[in-house]
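Below is one structure, written out as structure tokens, with a few remarks after it.
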Amino acid sequence: NPPRPQNSWIIFRKDYEATLRRRSSDVKQEVKHTAHECSLKWRQLSSEVKHFFKILEKIACENHKRIYPNYKYKPKNAKNSNCKKFIFREQKKYPVSPLSPSLTSIRTDIVTTTIDTLPSVINANSSTLPPTINDDA
1 NPPRPQNSWI
11 IFRKDYEATL
21 RRRSSDVKQE
31 VKHTAHECSL
41 KWRQLSSEVK
51 HFFKILEKIA
61 CENHKRIYPN
71 YKYKPKNAKN
81 SNCKKFIFRE
91 QKKYPVSPLS
101 PSLTSIRTDI
111 VTTTIDTLPS
121 VINANSSTLP
131 PTINDDA
């Protein structure tokens, strides 16, 4: 799969990280700190500098079209793929509910249920939940 075309933010971030590496090549910063710093810098940029990165974005898009003429972005449906995997992992990880012994009989159809419908399974025994979770209290 070909990569997506780079937008102005991605181009700025790559430039920012390269500048940091040039300044201190022996110090490796964590990615999350670099991303946070870069985000703050991006918000502080003047409109002229952001316009410069927009021009670079257009150039990058033209190059991308030249290299990948038949490219079409096809997003993956994250709701159907990742949510089920997450619930399945949680189901295997915590087979017994820490809230109450009466909630230990976990239904096996939760594995195929998305996160949006998961509260309906919990509400079946809502009277046994602590007052902070129970809607009636």
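With UniProt numbering applied, the sequence shown covers 1 to 137. We treat Cβ as the ideally placed atom computed from N, Cα and C, and that holds for glycine. Keep in mind that this is a model prediction, so the values were computed, not measured.
When the Cα of serine 39 is compared with those of His64, Lys72, Arg13, which residue comes out closest?
Arg13
Glutamine 44: first and last residue of the uninterrupted alpha helix (DSSP H) it sits in:
Glutamine 44 -> alpha helix (DSSP H) spans 31-44.
In whole angstroms, what is the alpha-carbon distance linking residue 145 and histidine 33?
Only positions 1 to 137 of the chain appear in the structure, and residue 145 is not among them; the question remains open.
Could you pull out every residue in the same chain whose Cβ sits closer than 6 Å to the Cβ of serine 71, ignoring the five residues on either side in sequence?
Looking at the sequence provided, one finds tyrosine at residue 71 rather than serine. The answer, listed in chain order, is Pro2.
Nearest by alpha-carbon distance to glutamine 6: which of Cys61, Arg23, Tyr16, Arg66 is it?
Cys61
Buried or exposed: which applies to arginine 4, given that a residue is buried once 16 or more other Cβ atoms fall within 10 Å of its Cβ?
So arginine 4 ends up on the exposed side.
What is the residue span of the alpha helix (DSSP H) that arginine 21 lies within?
8-23
Assuming lysine 50 contacts serine 8 (C-beta within less than 8 Å), just tell me the rounded distance between them.
Yes, lysine 50 and serine 8 are in contact; Cβ-Cβ is about 7 Å, under 8 Å.
Endpoints, the alpha helix (DSSP H) within which lysine 58 is located
47-67
Exposure label - phenylalanine 86; buried when at least 16 CB within 10 Å:
With a pLDDT of only 49 at phenylalanine 86, under the threshold of 50, the placement of this residue in the model should not be trusted; the figure read from the coordinates follows. It counts as exposed.
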